[in-house]
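Structure first, commentary second.
Residue numbers (the working numbering), protein chains in the order written: chain P, 39 to 297; chain F, 68 to 311.
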């Protein structure tokens, strides 16, 4: 079982205190603009004079926006994302930079922040595994995990109404979510790529514990990968018991035959 | 003689693309300059400045020329104007892709001459006219480190390592640091060894910068501070006072 920690010494900003909203411009081909609601909890004890920057990025394209200081957040007049690649999801990072020692040291940061989806905006909370529509070529779906950004379930925007069908069709949902969940749980519990202190990893571990009804052992070394594998399978099994995809699919089939 | 800058229409861009394909197939044709002015293949540009053809001594010289000529237009209004950049490539085509002794031209990939309508950094940074203009406009003389050795649309190792990453290309500290490390100002060319891939190379710089960016906001650092943060492997490229 993996164990990685942040050794840079900088403080971690949490997504609870950061909300990014994308606004589509009037023309469909125009680049979107964004707004950011930023809050810095007092317990982080950040210097009010430290500068705040928001960076938007898509693959190797990036844009940087100064947002004032910790003590006085001031959004720039223009936040249009003109220089970002089109056609892929935009992610954001927020940096708090101490420039008092004449060197720009990052004292707090959050990376891989995705903008709130419409559903999250409406519900006022973040999904653990958000659905994002994107062009996946001939693939129907995939789990996308990049750096410190939380995992998202990407579905192919070329397939009409796939999102709606995923909500309505238990057969489709069961087929996709079972494997999607396995991939994410494997990333959380077995892959060495992701820092244990990353917020999304912590949130997913809480989810695992809640679904299993038992805590994850704190220390599991490399020889205990079998245990991690057992936890993954057990979590999936309990998740499927809750969602009852197969039973719902059978009922849906019977209902359609009786019509 | 100067001309008013125009933009290519879709038909004009397609005509230019087909010309590039014919050249690759071995055709010995003059550049289709009629595409630049014909009203079906080009269109006027509001507030278009005048532009002049000239012989450029280097790609940096080309970037300076574009930067001066296009300065009346706002950066934002032209940065993604694919029809403008493609028009400019065709306008300067004899300079960018000159005739060889046997009457053929050494044509590179389309992305060097034609900008796609949809912004994509991995395609845009390869465009010879736009990137020459962008780097000189953003970095002034420091752009020499990127453009020297990247003549006529070829891409040097330094150019590739920095320009392919927009976060690095848009960061004045990093470009200035690369200039200090890899550009021989006395001789106006890249330092010996700057095109390598080993210790202290541009490839290593890109990797180290990504590590440093976990701790430092390099855009808020000075060039000297960036050089100080670099490990010993870069000492052989550092200016003497910085390496000491």
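Backbone N, C-alpha and C fix where the C-beta goes; we use that ideal spot for every residue, glycine too.
### Message
Here's the rule: buried if 16 or more other CB atoms are within 10 angstroms of the residue's CB, otherwise exposed. What is residue 206 (chain F)?
### Response
Start at 1 with the first residue of the second chain, and residue 206 (chain F) comes out as number 139. Its Cβ being crowded by 16 or more others within 10 Å, residue 206 (chain F) is buried.
### Message
Closer than 9 Å between beta carbons: that is the criterion. Which residues of the region 259 to 291 of chain F meet it against chain P?
### Response
280, 281, 282, 283, 284, 285, 286, 287, 288 and 289
#### Entry: Integer-rounded CB distance, given that residue 228 (chain F) should sit under 8 Å from residue 269 (chain F)
Position 202 of the second chain holds residue 269 (chain F). Position 161 of the second chain holds residue 228 (chain F). About 4 Å separates the two Cβ atoms, so the contact holds.
### Query
Sorted by chain position, which residues of the same chain lie with C-beta nearer than 6 Å to residue 224 (chain F)'s C-beta, five sequence neighbours on each side aside?
Here the question's residue 224 (chain F) lines up with position 157 in the second chain. The answer, listed in chain order, is 262 and 269.
### C-alpha distance - residue 127 (chain F) paired with residue 179 (chain F), whole-angstrom precision
In the second chain, the residue the question calls residue 127 (chain F) occupies position 60. In the second chain, the residue the question calls residue 179 (chain F) occupies position 112. Taking the straight line from one Cα to the other gives about 16 Å.
#### Entry: the region 79 to 104 of chain P: positions lying closer than 9 Å to chain F by Cβ
89, 91, 93, 95, 96, 97, 98, 99, 100, 101 and 102
### Query
Just how far apart, CA to CA, sit residue 132 (chain F) and residue 124 (chain F)?
One-based indexing of the second chain puts residue 132 (chain F) at position 65. One-based indexing of the second chain puts residue 124 (chain F) at position 57. Taking the straight line joining both Cα atoms gives about 11 Å.
### Task
Could you tell me if residue 131 (chain P) is buried or exposed, where buried requires 16 or more neighbouring beta carbons within 10 angstroms of its beta carbon?
Here residue 131 (chain P) refers to the residue found at position 93 when the first chain is read from its first residue. Buried, since its Cβ has 16 or more Cβ neighbours within 10 Å.
### Query
Applying the criterion that 16 or more other CB atoms from any shown protein chain within 10 Å of the CB defines a buried residue, is residue 41 (chain P) buried or exposed?
The residue given as residue 41 (chain P) occupies position 3 in the first chain. The predicted model places residue 41 (chain P) with a pLDDT of 49, which falls under 50 and marks its position as unreliable; any figure quoted below should be read in that light. Classification for residue 41 (chain P): exposed.
### Message
What does the alpha-carbon distance come out to for the pair residue 71 (chain F) and residue 197 (chain F)?
### Response
Counted from its first residue, the second chain places residue 71 (chain F) at position 4. Counted from its first residue, the second chain places residue 197 (chain F) at position 130. Cα to Cα, residue 71 (chain F) sits roughly 18 Å from residue 197 (chain F).
### Query
The alpha helix (DSSP H) spanning residue 101 (chain F) covers which residue range?
Within the second chain, residue 101 (chain F) is the residue found at index 34, counting from 1. Run containing residue 101 (chain F): none; DSSP gives neither H nor E here.
#### Entry: Contacts of residue 186 (chain F) in chain P (Cβ-Cβ under 9 Å)
Counting from one through the second chain, the residue named residue 186 (chain F) turns up at place 119. Neighbours of residue 186 (chain F) on chain P, chain order: 69, 99, 120, 121, 122, 123 and 124.
### Where residue 42 (chain P) sits in the DSSP three-state scheme
What you label residue 42 (chain P) is simply residue 4 of the first chain in a count that begins at 1. Summary for residue 42 (chain P): the model assigns pLDDT 49, below 50, so the residue's position carries little reliability, and this model does not support an answer.
### Query
Below 8 Å between beta carbons: does that hold for residue 142 (chain P) and residue 288 (chain F)?
Indexing the first chain from 1 puts residue 142 (chain P) at position 104. Indexing the second chain from 1 puts residue 288 (chain F) at position 221. Contact flag set, yes.
### Query
Closest Cβ-Cβ distance between residue 142 (chain P) and chain F: below 8 Å?
Within the first chain, the letter at position 104 stands for residue 142 (chain P). Answer yes: the Cβ-Cβ gap between residue 142 (chain P) and chain F drops below 8 Å somewhere.
### Query
How would you write the range of the alpha helix (DSSP H) that residue 124 (chain P) sits in, first residue to last?
Residue numbering aside, residue 124 (chain P) sits at position 86 when the first chain is read from its first letter. Here residue 124 (chain P) belongs to no alpha helix (DSSP H), and DSSP marks it neither H nor E.
### Query
Would the beta-carbon of residue 250 (chain P) fall within 8 Å of that of residue 286 (chain P)?
Walking along the first chain from the start, residue 250 (chain P) turns up at place 212. Walking along the first chain from the start, residue 286 (chain P) turns up at place 248. No. Outside cutoff.
### Task
Give the DSSP bridge partners of residue 93 (chain P), in chain order.
Residue numbering aside, residue 93 (chain P) sits at position 55 when the first chain is read from its first letter. In the DSSP output, where bridge partners are listed per residue, residue 93 (chain P) has P:102 and P:131.
### CA nearest to the CA of residue 282 (chain P), picked from P:186, P:226, P:211 and P:133
Start at 1 with the first residue of the first chain, and residue 282 (chain P) comes out as number 244. Residue 282 (chain P) has its Cα closest to that of P:211, out of P:186, P:226, P:211 and P:133.
#### Entry: Nonlocal neighbours in the same chain, by C-beta distance under 6 Å from residue 170 (chain P), ignoring five residues either side
On the first chain, position 132 is the one that residue 170 (chain P) refers to. If we look at residue 170 (chain P) and ignore the five residues flanking it on each side, its Cβ neighbours are 127, 190 and 192.
### Contacts of residue 237 (chain F) in chain P (Cβ-Cβ under 8 Å)
Position 170 of the second chain, counting from 1, holds the residue named residue 237 (chain F). Within chain P, the residues near residue 237 (chain F) are 100, 101, 102 and 121.
### Residue burial classification, residue 168 (chain F) (beta-carbon count within 10 angstroms, cutoff 16)
Position 101 of the second chain, counted from the start, is the residue given in the question as residue 168 (chain F). Exposed is the call here.
### Query
Can you name, in chain order, every residue of its own chain whose Cβ lies under 6 Å from the Cβ of residue 176 (chain F), other than the five neighbours on each side?
Counted from its first residue, the second chain places residue 176 (chain F) at position 109. Answer for residue 176 (chain F): no residue qualifies.
### Query
From F:156, F:88, F:122 and F:68, pick the residue whose C-alpha is nearest to that of residue 103 (chain F); which is it?
Within the second chain, the letter at position 36 stands for residue 103 (chain F). Checked all of F:156, F:88, F:122 and F:68; the closest Cα to residue 103 (chain F) is F:156.
#### Entry: Spatially closest choice to residue 179 (chain P) from P:213, P:165, P:150 and P:154, by CA coordinates
Position 141 of the first chain holds residue 179 (chain P). Taking only the C-alpha atoms, the option nearest residue 179 (chain P) is P:213.
### Message
For a test of the three-state rule: what should DSSP assign to residue 264 (chain P), helix, strand or coil?
### Response
Here residue 264 (chain P) refers to the residue found at position 226 of the first chain. In the structure shown, residue 264 (chain P) sits in a helix (DSSP, three-state: H, G or I).
### Message
Does residue 177 (chain F) come out as helix, strand or coil in the three-state DSSP assignment?
### Response
In the second chain, the residue the question calls residue 177 (chain F) occupies position 110. Three-state DSSP puts residue 177 (chain F) in a helix.
#### Entry: Cα-Cα separation, residue 109 (chain F) to residue 161 (chain F)
Counted from its first residue, the second chain places residue 109 (chain F) at position 42. Counted from its first residue, the second chain places residue 161 (chain F) at position 94. For residue 109 (chain F) and residue 161 (chain F), the distance between alpha carbons rounds to 19 Å.
### Message
For residue 136 (chain F), report the span of its alpha helix (DSSP H) as first-last.
### Response
Working through the second chain from its first residue, we reach residue 136 (chain F) at position 69. Element bounds for residue 136 (chain F): 126 to 136.
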